[in-house]
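Per the numbering used here, numbering through the sequence shown is continuous, rising by one, with the last residue being 111.
Even for Gly, the Cβ is constructed at its ideal location relative to N, Cα and C.
Structure first, then comments.
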Amino acid sequence: MTRRIDLFVTVDKTGSKGGGVANFSASITSGSFPEGEVSLARKPDHCFFGLANLESHKGHAPNFATKADLQGYIDRVKKSVDSLVEDYLDAVNVGPTLLSSWEI
8 MTRRIDLFVT VDKTGSKGGG VANFSASITS GSFPEGEVSL ARKPDHCFFG LANLESHKGH
68 APNFATKADL QGYIDRVKKS VDSLVEDYLD AVNVGPTLLS SWEI
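Listed below in structure tokens is the structure:
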């Protein structure tokens, strides 16, 4: 059985330098998400969420002043999710199937 995981980001832009707030969510076609959590904090040392409840962070997601800082945050979170799913795939001996979907 193939499962597809989609990762989404919605950006609410603020300020004049292209910054804003990034809110994440994920969906899966069947079954449950892989175990594990990713940090949605500005600095990845707290605010850990599982893939099933990424949108729970929406109420207190960090606001970034510049487009570069915002993009760096999005890239870091995507990389963390990629790593979590790849670790899961390695554990169940399945080839890579992660698909990331970005809505910006």
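Three-state secondary structure assigned by DSSP to residue i
| i | result |
| --- | --- |
| S37 | coil |
| T17 | strand |
| V32 | The residue asked about is misnamed: residue 32 is Ser in this sequence, not Val. S32 falls in the strand class under three-state DSSP. |
Presumed contact (8 Å Cβ cut-off) between residue i and residue j, rounded CB distance
| i | j | result |
| --- | --- | --- |
| V88 | L58 | 7 Å |
| F71 | G27 | 6 Å |
| L61 | S32 | 5 Å |
| A29 | A68 | 6 Å |
Extent of the continuous alpha helix (DSSP H) run through residue i
| i | result |
| --- | --- |
| E93 | K74 to V99 |
Continuous beta strand (DSSP E) stretch holding residue i: start and end
| i | result |
| --- | --- |
| E62 | From DSSP, E62 is part of no beta strand (DSSP E); its letter is neither H nor E. |
| D44 | The identity of residue 44 in the sequence shown is Glu, whereas the question assumes Asp. Taken as a continuous stretch (DSSP letters only), the beta strand (DSSP E) holding E44 covers E44 to S46. |
Straight-line gap, residue i to residue j (C-alpha atoms, nearest Å)
| i | j | result |
| --- | --- | --- |
| V92 | P41 | 7 Å |
| G38 | S23 | 42 Å |
| K34 | I12 | The sequence shown places Ser at residue 34, not Lys. C-alpha separation (whole angstroms): 6 Å. |
| R10 | T36 | 6 Å |
| H53 | H64 | 12 Å |
| R83 | K50 | 10 Å |
| K85 | L14 | 8 Å |
| T17 | V99 | 31 Å |
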